[in-house]
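Participant:
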Amino acid sequence: MIINRKGLSDVVTTVLIILLVIVAIGAIWAFVQKPFKTTETQFNRFDACVDVDIQPQNCSIGSTNYEVIVKTNKKGNVQALKVLFEKSDGTVESETAVGTIPEQYNTQKVTVLKASVTTTSTNTVKKVSIIPVVQGEGTTFDCAETARITCA
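With positions in the sequence shown counted from 1, the corresponding number in my numbering is that position plus 35.
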C-alpha cells in the first residue's frame, strides 16, 4: 500500500514553531543581557555608596607623611579610603590611605607616605580629596570623590 503524505502533521508543525520561538528568545536575550548587567552593576554601586558620607576636614604635610583628617557622617560599608592628590601642575595621583576609618560622626587621621606620591620641588601637592571604597554585592566600588581641600 502506498501512502501519499502531503505536508507536515500538526504535531511536527507545532514542535518546529516552539523550537523557532526558543531560538528567537535566545537570540534576543544575547543582545539584551549586557545592558541589564551593566544597569545592575550601576545600581549596586549606587546602593553601596548612598550610605557613605566621608569628608576631608584638614590636610597637613609632615616630614614623611601626608596626614588627612577625615570626618564620617555616614560610614556605610567602607573598606578603605583612597586619597587623591592634586599637584601644582594640575595632575592627580591616587593612593590608598593607612589608618582606621572613623565611626559615624567621628574624625580620624589617615596617612599616606610621602614617598608613594611623585612630587618635585616645583610640582608639589596642593589639594586632596577622598574616595571611599565600599563593599557592594560581591565586589568593591569606588564612590564619588569628595570636594578637594587645600593641603598645607
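Quick reminder that beta carbons are idealized off the backbone N, C-alpha and C, glycines included.
The model shown is predicted, which means the values in this text are computed figures rather than measured ones.
#1: Nearest to residue 117 by alpha carbon, out of 152, 109, 67?
#2: So, is the C-beta of residue 151 closer than 9 Å to a C-beta in chain C?
#3: Just to confirm my understanding: we take residue 121, look at its own chain, exclude 5 residues before and 5 after, and list those with CB closer than 8 Å. What are they?
#4: Just to confirm, are residue 92 and residue 108 a CB contact at a threshold of 9 Å?
#5: Is the beta carbon of residue 148 sitting closer than 9 Å to the one on residue 169?
#6: Applying the 10 Å Cβ sphere with the 16-neighbour rule, what's the burial state of residue 70?
#7: With a threshold of 8 Å on Cβ separation, who are the neighbours of residue 100 within its own chain once the five nearest residues in sequence on each side are excluded?
Facilitator: With the structure as the only source:
#1: 152
#2: Here chain C cannot be found, since the structure has a single protein chain.
#3: 127, 160, 161, 162, 163, 164, 183
#4: no
#5: no
#6: exposed
#7: Excluding residues within five positions, the ones whose Cβ falls inside 8 Å are 146, 147, 148, 149.
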